[in-house]
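Everything on this sheet refers to the single structure shown next.
Residue numbers (the working numbering), protein chains in the order written: chain A, 1 to 107; chain B, 1001 to 1115.
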């Protein structure tokens, strides 16, 4: 089955740093979704993108729907300890997820 | 509060035994899904169901079976035919079956260990 290419696979940063991750695919998507998974729990929706070129913010999180509809980006500004977890992208209509980006923050 | 309940949180089984994982939702969602999560491999779709009494295979359905007798419930059976059953299993639901724009709502998972 198809998988999305999500990068980086892991990030080790200092508290207060900004974070960027992205997701790419060979297929076009109509919807991009970003989720966060805390340890031992299920993923929770962070941001939904429905239109090519769309830029959407949710607090310190900003996500963009790539203009080609084949990619999406998630940025986290001024990271804090509770940002630790695994971030997943999803191309909605194919029910596929990226491999995840594991974020670790050093205080 | 509405949500998805998976039980149990941890499950231990001996090799060769079938085991059933429970998933119940009270969100009145049409569609339900089962994903498997292994380290470094993201979420892989096992089965999904768009309506009661109907379900479809996902990317890794071999060794698994499901049923959808009620809208609220979508149990997953891990059979002895599944070669590597030890994993974290996540159940999810969404509002509209096959609707491209419907985000998934996840349960908190069941960690299955088979020895």
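C-beta: ideal position from N, C-alpha, C; glycine also.
Extent of the continuous beta strand (DSSP E) to which residue i belongs
| i | result |
| --- | --- |
| residue 1007 of chain B | 1004 to 1007 |
| residue 6 of chain A | 5 to 7 |
| residue 14 of chain A | 10 to 14 |
| residue 35 of chain A | 32 to 37 |
| residue 102 of chain A | 101 to 106 |
| residue 1101 of chain B | Looking at the DSSP string, residue 1101 of chain B is not in any beta strand (DSSP E), and its letter there is neither H nor E. |
| residue 24 of chain A | 19 to 24 |
| residue 44 of chain A | 44 to 49 |
| residue 1111 of chain B | 1110 to 1114 |
Own chain partners of residue i with C-beta closer than 8 Å, once the 5 adjacent residues on each side are dropped
| i | result |
| --- | --- |
| residue 1037 of chain B | 1043, 1044, 1087, 1088, 1089, 1090 and 1109 |
| residue 1014 of chain B | 1114 and 1115 |
| residue 112 of chain A | The structure shown does not extend to residue 112 of chain A, since chain A is modelled only from 1 to 107, so the question has no answer here. |
| residue 1011 of chain B | 1019, 1021, 1110, 1111, 1112 and 1113 |
| residue 1083 of chain B | 1063 |
| residue 52 of chain A | 65, 66, 67, 68 and 69 |
Integer Cβ distance of residue i from residue j, believed to fall under 8 Å
| i | j | result |
| --- | --- | --- |
| residue 1022 of chain B | residue 1075 of chain B | 6 Å |
| residue 1047 of chain B | residue 1066 of chain B | 5 Å |
| residue 70 of chain A | residue 7 of chain A | That pair is no contact at about 14 Å. |
| residue 46 of chain A | residue 61 of chain A | 6 Å |
| residue 72 of chain A | residue 63 of chain A | 6 Å |
| residue 1054 of chain B | residue 1068 of chain B | 7 Å |
Same chain, Cβ closer than 6 Å to residue i, five either side skipped, listed in chain order
| i | result |
| --- | --- |
| residue 37 of chain A | 43, 85 and 86 |
| residue 17 of chain A | 79 |
| residue 1106 of chain B | 1090 and 1092 |
| residue 1033 of chain B | 1048 and 1092 |
| residue 10 of chain A | 102 |
| residue 1073 of chain B | 1024 |
| residue 90 of chain A | 33 and 97 |
Residues near residue i by beta carbon distance below 7 Å, same chain, minus five either side
| i | result |
| --- | --- |
| residue 1070 of chain B | 1052 |
| residue 1080 of chain B | 1016, 1017 and 1018 |
| residue 83 of chain A | 76, 103 and 105 |
| residue 107 of chain A | 15 and 81 |
| residue 28 of chain A | 69 and 70 |
For residue i, the residue or residues it bridges with in DSSP
| i | result |
| --- | --- |
| residue 58 of chain A | A/61 |
| residue 97 of chain A | A/90 |
| residue 71 of chain A | A/24 |
| residue 85 of chain A | A/103 |
| residue 108 of chain A | In the structure as shown, chain A begins at 1 and stops at 107. Residue 108 of chain A is therefore absent and cannot be evaluated. |
| residue 1106 of chain B | B/1092 |
request  = Pick out the complete beta strand (DSSP E) segments inside the region 1012 to 1093 of chain B, 3 residues or longer, and give them in chain order.
outcome  = Correct list: 1019 to 1025, 1031 to 1037, 1043 to 1051, 1054 to 1057, 1064 to 1066 and 1076 to 1078.
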